[in-house]
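Worksheet for the structure shown next.
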Amino acid sequence: MNKLLIKDLDNLHLVAKDFLKQIGDSKIIAFYGSMGAGKTTFIKALCDVLGVKDTVNSPTFAIVNEYTDADGNPIYHFDCYRIKKLEEAYDLGYDQYFFSGNYCFIEWPEMLEQLLPEDTKKVNITEREDGGRNVFFD
Ligand SMILES: Nc1ncnc2c1ncn2[C@@H]1O[C@H](COP(=O)(O)OP(=O)(O)OP(=O)(O)O)[C@@H](O)[C@H]1O
Ligand SMILES: [Mg+2]
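The number in our numbering is simply the position in the sequence shown, starting from 1, with 19 added.
What follows is the structure, given as structure tokens:
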């Protein structure tokens with residue numbers, strides 16, 4: 020189990036860089052963590068490091084947002100919080116995204132746990148008593 024510490028928001032970028040280095044070629048990243056744990060915030064930092072110029076926000080109306088990285092490749096940002104049934108993931112065409120070879124950053128992956136590819140990198144974010152965040156991953 021790897022662990023990274025986000026001490027505060029100023030520290031976010033450095034940790035995001037480190038994280039991307041450590042996960043190597045993994046493209047499907049599932050972010051577990053309770054409400055307000057810092058999933059969107061961390062994904063925003065990852066997108067920044069990857070050169071995304073679009074606004075990174077949790078998808079509000081759609082389940083998935085698409086951004087473009089510095090090389091012109093798409094990055095998919097899912098917020099599955101409102102998915103209640105697996106059919107909704109099928110309707111969304113989740114496999115097109117998951118098997119595209121592009122980054123997929125997934126919030127609330129519990130909602131489509133069974134559909135996650137085997138090589139999904141699972142990440143857990145927890146809030147610390149000192150206000151920082153722990154980032155755990157395999
Ligand atoms: N590393 C951090 N250090 C300090 N504050 C943080 C950190 N990460 C997130 N926060 C703060 O916590 C709040 C919630 O963060 P965020 O929206 O990223 O959580 P989330 O896990 O995406 O929540 P949700 O489950 O509702 O989508 C924000 O106000 C954010 O500024
Ligand atoms: Mg969020």
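Glycine included, each C-beta is placed from N, C-alpha and C at the ideal position.
Just so it is clear, the structure is predicted and the values come from calculations on it, not from any experiment.
Enumerate in chain order the residues of its own chain whose CB-to-CB distance from residue i is below 6 angstroms, with the five nearest sequence positions on each side excluded.
i                 : result
glutamate 126     : Phe50, Lys58, Asp98
phenylalanine 124 : Ile48, Ile62, His96
asparagine 84     : Pro78, His96
If we ignore side chains and look at the alpha-carbon of each, how far apart do residue i and residue j end up?
i                : j            : result
methionine 74    : valine 142   : Residue identity differs from the one stated: residue 74 is threonine in this sequence, not methionine. Going from the Cα of threonine 74 to the Cα of valine 142 covers about 23 angstroms.
lysine 46        : proline 136  : 10 angstroms
valine 68        : alanine 35   : 7 angstroms
phenylalanine 80 : serine 119   : 23 angstroms
asparagine 160   : arginine 147 : Look at the range of the chain in this structure, 20 to 157, and you will see that residue 160 is not part of it.
methionine 54    : leucine 134  : 22 angstroms
valine 71        : glycine 43   : 19 angstroms
Can you name, in chain order, every residue of its own chain whose Cβ lies under 7 angstroms from the Cβ of residue i, other than the five neighbours on each side?
i                 : result
isoleucine 102    : Ile82, Ala108, Met130, Leu131
lysine 26         : Gly151
phenylalanine 117 : Ile47, Cys123, Pro136
Check residue i in the structure and name its three-state DSSP category.
i            : result
lysine 141   : strand
cysteine 123 : strand
lysine 36    : helix
proline 78   : coil
Can residue i be considered in contact with ligand 1, in the sense that its beta carbon sits closer than 7 angstroms to one or more heavy atoms?
i              : result
methionine 130 : no
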